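Written as structure tokens, this is what we have:
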């Protein structure tokens, strides 16, 4: 996952249009929430959740994890994932992050998990993916990319609760042979 | 759907932290995309897709549509939906919009569709929902909220392609008796 936006975002202090100071108040347009409103030009600044998109790459009995070379959670293990960008779909973003973080070539499968993390204003989406080989070429955000069988997963060293929940559902589904779409709230 | 953010967002001209002018360039941190970077304090401003969350409310054989009282697409029909807010989950946002736009009380069902609209930087998510009654109390964004059977749907007057695609999949699934999770790219 990229270092991009901080998990808890700082307030908007200045207007993106004209640079004047903003103040948080409820707009006069029927809105019910406080927004950062420009004191000079009146521009209303909306703040909304971000999507994090990634894959659960599988090769036979094993899944691919990446050891993080960035904060937060340096040294912990994660699935390849990062902030969705403009001009891409959730699936395209998931493939891009898999290439950037693991240097792994995959064939994308179906959506597997949608996890809400309202405490940090994020929605995480993971797709199943089939690895083309066990050769990886991780980018600068990853110390090591390697395959783990279920009994090798470093459960105590998983970087994010969304990754842990996704992995748990995957191994449970694999035992039943039926892979659903899992919607989970991390509260 | 709320009037919130414009479909194609204007560039970020000033820094949200200090108000100084920004310039678009690729940051020096390994990023590959142009970002609005502050000329004074160096703050990097990320721009990411927004989620629109809503429901497909059902009462027996009929579904609920709302006639829009706001631009864009004033007078066209839509499912209740709007921009996801901070501090809520996708499901909570879908319920909130159903209450705000239709004044409809529902029991939320499973996620039904996830639609990417990369041309406007949006992801739309619709949940199935069961209406408690045929009494609605629409808000100021809605001219009228009413129930339609399949052969009454005003297909030529549907406000958004994501709503049309969701309704089409719903009636198709209803014929088979099996409701899946539909991932669709609107390109």
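Protein chains in written order, with the UniProt record's numbering: chain A, 1 to 187; chain B, 1 to 187. Built from N, CA and C at the ideal position, the CB exists for glycine as well. This structure is a prediction, so every number in the text was calculated from the model and none was measured.
State yes or no: is the beta carbon of residue 37/B nearer than 9 Å to at least one beta carbon in chain A? no
Out of 121/B, 38/B and 79/B, state which residue places its alpha-carbon closest to the alpha-carbon of residue 103/B. 79/B
Around the C-beta of residue 57/A, are 16 or more other C-beta atoms found within 10 angstroms, so that it is buried, or is it exposed? buried
For residue 122/A, which residues from the same chain have a beta carbon less than 7 Å from its beta carbon, with the 5 sequence-adjacent residues on both sides left out? 49, 50 and 52
Listed in chain order, which residues of the UniProt domain "Nudix hydrolase" (48 to 171) of chain A have Cβ atoms closer than 7 Å to some Cβ of chain B? 48, 49, 50, 51, 83, 84, 85, 86, 87, 88, 89, 90, 111, 114, 116, 118, 121, 123 and 140
Could you list which residues in chain E have their beta carbon closer than 7 Å to that of residue 18/B, in chain order? Among the protein chains of the structure shown, namely A and B, there is no chain E.
Alpha carbon to alpha carbon, how far is residue 131/A from residue 47/B? Give it in angstroms, no decimals. 30 Å
In three-state DSSP terms, what is residue 67/B? strand
Out of curiosity, what's the CA-to-CA distance linking residue 139/A and residue 59/A? 20 Å
Short CB-CB distance (under 9 Å) between residue 42/A and chain B: no
Which residues mark the beginning and the end of the beta strand (DSSP E) in which residue 82/A is found? 81 to 83
Proximal chain B residues relative to residue 30/A, where beta-carbon distance stays under 7 Å: 140
Any beta carbon of chain B sitting closer than 9 Å to that of residue 26/A? no
Proximal residues to residue 55/B (C-beta, below 8 Å), its chain only, five neighbours per side dropped: 79, 80, 81, 94, 95, 97, 98, 106, 108, 126, 127, 128 and 129
Look at the Cβ atom of residue 91/B, then the Cβ atom of residue 116/A, and state whether they are nearer than 9 Å. yes
Can a CB atom of chain B be found closer than 9 Å to the CB of residue 178/A? no
Closer than 8 Å at the beta carbon, the chain A residues around residue 185/B: 89 and 91
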